[in-house]
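Note that this note's numbering numbers the sequence shown so that position 337 is 341, with each residue one more than the last. First up is the structure itself, then whatever we jot down about it.
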Amino acid sequence: MIKKYRIGNPIETDSVITSIDIENSPIPYFETASDKKELTFKMEKKDRIYGLGETVRGINKRGFIYTSNCSDDPIHTEDKRSLYAAQNFFVLWGKEKGFGMYVDTPGQVSFDIGYTDKDTFSIIFEDFDADIYIIRGGSIKDIVKQFRGIIGKSYVPPRWAFGFGQSRWSYMNEQEVRDVVENYDKLNIPIDSVYLDIDYMERYKDFTIDDERFPNFKAFVKEMADKGIHLVPIIDAGVKIEEGYDIYEEGIKEDYFCKKENGENLVAAVWPGKVHFPDFLNEDARYWFGNKYKFLLDYGIDGFWNDMNEPAIFYTEDHLKEVFEQLKDYEGKNLDIRSFFKMQDIVGGLENNEEDYRRFYHDYKGKRYRHDKVHNIFGYNMTRAAGEAFERLSPDKRILMFSRSSYIGMHRYGGVWCGDNKSWWSHLLLNIQQMPALSMCGFLYSGADVGGFGADVTEDLLMRWVEFAIFTPLFRNHSAEGTRRQEFYRFSETDSFKNIVRLRYSLIPYLYSEFMKAVNSDGMLFTPLCFEYPDDDMAYEVEDQLFVGESIMVAPIYKQNATGRYVYLPEEMKLCRFRSYDDYDVEIIGQGHHYIEAELNEILVFIRKGHALPLAVPTDRTEKIDYSDLKYECFECDEKDYELFVDDGISR
Ligand code: GLC
């Protein structure tokens, strides 16, 4: 049962697509004080909070404060309140009661879940305007399903997007891309896609190709396609200011860029230097920008990633002027501790400055809004521009799309990746813990940069990371400029990498099937143990094992030098300790805690009683998977007990 309540005069976000009447009664569970812009709830000892999508810390969100304020922040330490996403849905589940809540507001909102006061949950609004949905149900899964039912079906990528993708900031030219594919093919490590980061563009201009690096892009896309490889270019939110650049000139002519209060276009800076931001909230601008993807579709491109769409801002022209002015006070001075750090703050404060988000406006649904009031739906609407355009431009064929910034509603147009993580063991755990919350919010096609984006990876971390990432729909190895190269073929145990990535390809029929079932039934792909076993108190304590689809539980290893780990089984299961598709041992393990060994190249997969896991013969490309030749690993059932979802993987 879902009830809708309204606070103030909220700005529509188009995230909920079902129309629900607004209740006249006060919002249940929560109290409001007349002088405060917040809702408060007294938590009981056993109350746990799940959801909020892509945020830091564990699966149960209690004990910290999370602020929905889409941020370009590459340091995802546990003290960070905001990452790239704003996904304001959670379920509070306690001993006696449970409910779900969706806080629909495009502005900033904080979820203080026992941070200020250990037992108080406060939702603190920047502007006290929101639509609040309260969802009651018999279980966490039931509440999630009801919520998903009102926000519309999740985005479905082409099946090849379940294959492995290799990325780097950046492969600088055709030959580098060719080498990547050749190296993978030579070692029989499967691969379906290579990502093109910003340097494929001419001076970082969206919808251009640098023709020195890619002199015959059309032929190159075809050459790769003939090998079964999809090239996936990045698209950034800022449009370079440059006379003669068609996107810039059209945007100026049609007035599609975000404006300052005085009516001039905002000048911000990102990769290309000075840019304007298309007003993605404006329907016409969205239509126009969406059509621009045709430039690349016409080359045969069939996948994209949308980036820097919080939006990230290095500086605005206006703020930079102010900073140069302020710095004059420091020139020639003997800077002491205070003045030196103050000066550093002035310069450091240029990037992604909150003040800058108040310098520009949007023309949204016939009204003008200052950016900060609608900040959290900017990236969403960039991806919506693309998603809506793909329906027009590619009506028969699915196009891969995922975005860095997101808001609920965007899950209908694309997936997400979890941004600029680091090659840290703690970020492998973060990846594991973010997946269920993303599932809850409808972001089923998701994953993190495997191996970590920033910092230098080590071979063991990369291998352990791959061992988890073979279960995430988006399975992409990506890393930053200046860091150690982390393509699998650069390490010593290439055979192990090969076997693990090939196991992923064996799992694709299952993963795709479970993904599609989750889409069609508004279900989850990654499920914490307590969602499945609500009566098992111990299941609530486990935050590093997940069910993936209906048949399996994974227990990834995320600690340096570990040769095994403790695993909790809520009931008897069948362990498959995989080294490869045809090399694994099997053991029945009883309910309870166990220390289970797993060498560096071994993956722990537990099959649930009465369930089966289909496995395909490994191939080097997703489209070569032979669905007529599946073997089933079953536990007290047979293969007929598994319902395999199959389609052509490409038509809409
Ligand atoms: C941003 C993206 C990252 C990309 C880089 C260069 O940091 O998050 O994935 O590689 O920009 O485009």
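Using N, Cα and C, we set each Cβ at its ideal position, and we do this for glycine too.
Determine the closest residue to residue i out of the options, with distance taken between C-alpha atoms.
i: I238; options: E265, D210 and F221; result: D210
i: E601; options: L619, T567, F610 and Y585; result: T567
i: Y373; options: D624, I6, I147 and E16; result: E16
i: K278; options: R85, P14 and D322; result: D322
i: L404; options: Y159, M577 and V650; result: Y159
i: E536; options: T320, I556 and K521; result: I556
i: M528; options: E485, G55 and M5; result: G55
i: E358; options: F318, K332 and M386; result: F318
i: G614; options: E640, H598 and H366; result: E640
i: V95; options: M414, Q549, L550 and F151; result: F151
i: R494; options: E42, S29, N187 and I136; result: N187
i: L354; options: C580, K325, H375 and L285; result: K325
i: C422; options: E518, W275 and T476; result: T476
i: K244; options: K222, E268 and T212; result: T212
i: P440; options: D539, Q549, R468 and F382; result: Q549
i: A332; options: I350, A316 and G594; result: Here the sequence assigns Lys to residue 332, which means Ala is not the residue at that position. With distances taken between Cα atoms, K332 lies closest to I350.
i: Q170; options: Q490, Y516, R66 and Y646; result: Q490
i: F103; options: F293, H366, I138 and K40; result: I138
i: E577; options: H598, G446, V420 and I412; result: The sequence shown places Met at residue 577, not Glu. Considering only alpha carbons, the answer is H598.
i: E246; options: K369, Y208 and T531; result: Y208
i: N177; options: S86, F221, P162 and N92; result: F221
So what's residue i in DSSP terms, helix, strand or just coil?
i: H431; result: helix
i: F519; result: helix
i: N64; result: strand
i: T387; result: helix
i: P2; result: This structure leaves residue 2 out entirely; the chain is present only between 5 and 656.
i: I241; result: As written in the sequence, residue 241 is Ala, which differs from the Ile given in the question. In the structure shown, A241 sits in coil (DSSP, three-state: anything other than H, G, I, E or B).
i: A543; result: helix
i: T567; result: coil
i: E253; result: helix
i: V184; result: helix
i: G141; result: coil
i: E554; result: coil
i: S655; result: strand
i: T626; result: helix
i: V621; result: coil
i: D367; result: strand
i: C534; result: helix
i: Q170; result: strand
i: A229; result: helix
i: N425; result: coil
i: F132; result: coil
i: T44; result: strand
i: A484; result: coil
i: T462; result: coil
i: V198; result: strand
i: R10; result: strand
i: M5; result: coil
i: F125; result: strand
Exposed or buried, what is residue i when buried is set at 16 or more other beta-carbons lying within 10 Å of its beta-carbon?
i: R656; result: exposed
i: P219; result: exposed
i: S38; result: exposed
i: A165; result: buried
i: I611; result: buried
i: R388; result: buried
i: Y361; result: buried
i: E603; result: exposed
i: M312; result: buried
i: R217; result: buried
i: N380; result: buried
i: E471; result: buried
i: E606; result: buried
i: K122; result: exposed
i: M5; result: exposed
i: Y516; result: buried
i: A223; result: exposed
i: P32; result: exposed
i: Y631; result: exposed
- Query: Does the stretch 445 to 461 come within contact of the stretch 426 to 437, defined as at least 3 CB pairs closer than 8 Å?
  - Reply: yes
- Message: Counting beta carbon pairs with one atom in the stretch 498 to 512 and one in the stretch 615 to 633, are three or more of them shorter than 8 Å?
- Response: yes
- Message: Could you check whether the stretch 417 to 433 touches the stretch 111 to 119, counting it as contact only if at least three pairs of C-beta atoms, one from each stretch, sit closer than 8 Å?
- Response: no
- Query: Pairing CB atoms from the stretch 390 to 410 with CB atoms from the stretch 272 to 286, are three or more of them under 8 Å?
  - Reply: no
- Query: Quick check: the stretch 458 to 469 against the stretch 179 to 188, are there 3 or more CB pairs under 8 Å?
  - Reply: no
- Task: Decide yes or no for the touch test of the stretch 69 to 77 against the stretch 137 to 156: beta carbon pairs closer than 8 Å, at least 3 of them.
- Result: no
- Task: Could you tell me whether the stretch 293 to 304 touches the stretch 328 to 348, using the rule of 3 or more Cβ pairs below 8 Å?
- Result: no
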